[in-house]
Amino acid sequence: MYGKPGVVLFAHGSRDPRWAEPFERLRDKLVAQRPDASVRLAFLELMTPNLADAVADLVSQGCQDVTVVPVFLGQGGHVRRDLPVLADACRSAHPGVALRLSAAVGEDDAVLQALAAYCANEVPHA
C-alpha cells in the first residue's frame with residue numbers, strides 16, 4: 001500500500017452550515033483515533049466538498065486505499081442508489097485506487113446501542 005489509508009465520512013449536506021458541526025467533530029474524533037489515516041468529510045448535496053473532490057484530495061495526498069463511510073442512519077435511497085453511482089465515478093477517475101463503501105453507520109449495533117443509551121438518558125425516570 002502506498003501512503004496512508006484514506007477515509008471519507010459521507011453525509012447528506014444542508015443549507016445551514018451549522019448542520020456540519022457534528023460531522024466535523026466526528027472527523028476530528030476519528031483523526032485522533034486513527035492518526036495513521038487521512039480523513040475527509042464529503043457531502044451528497046448543498047455543501048462542499050462532494051465525494052469526487054474529497055477522493056481526489058486523498059489521492060493527491062498519496063492515498064491508494066480509500067474507504068467511504070456513509071454517515072446515515074439507514075440504507076435509504078441515497079446510500080443504495082446515489083452513493084454507488086458516485087463511487088463508480090470516483091473509481092473511473094482514479095483506476096489505481098481501491099475504493100470501498102462501508103454500510104451506513106446506523107446499521108451497526110454499537111451505533112444503535114449508543115443512540116439508545118443517549119435516548120434513555122434523555123427520558124425522565126418515573
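Quick note: the sequence shown uses UniProt numbering, first residue 1, plus one each step. For every residue, glycine included, the Cβ atom is placed at its ideal position computed from N, Cα and C.
In the structure shown, serine 92 falls within a helical segment according to DSSP collapsed to helix, strand and coil. By alpha-carbon distance to alanine 104, the top candidate from Phe10, Pro124 and Ala56 is Phe10. Counting every other CB atom within 10 Å of its CB across the protein chains shown gives leucine 46 a total below 16, marking it as exposed. Judged by beta-carbon spacing, glycine 6 lies within the 8 Å limit of cysteine 63, meaning their Cβ atoms are closer than that value.
With the rule of 3 Cβ pairs closer than 8 Å, the segment 77 to 91 does not count as touching the segment 108 to 124.
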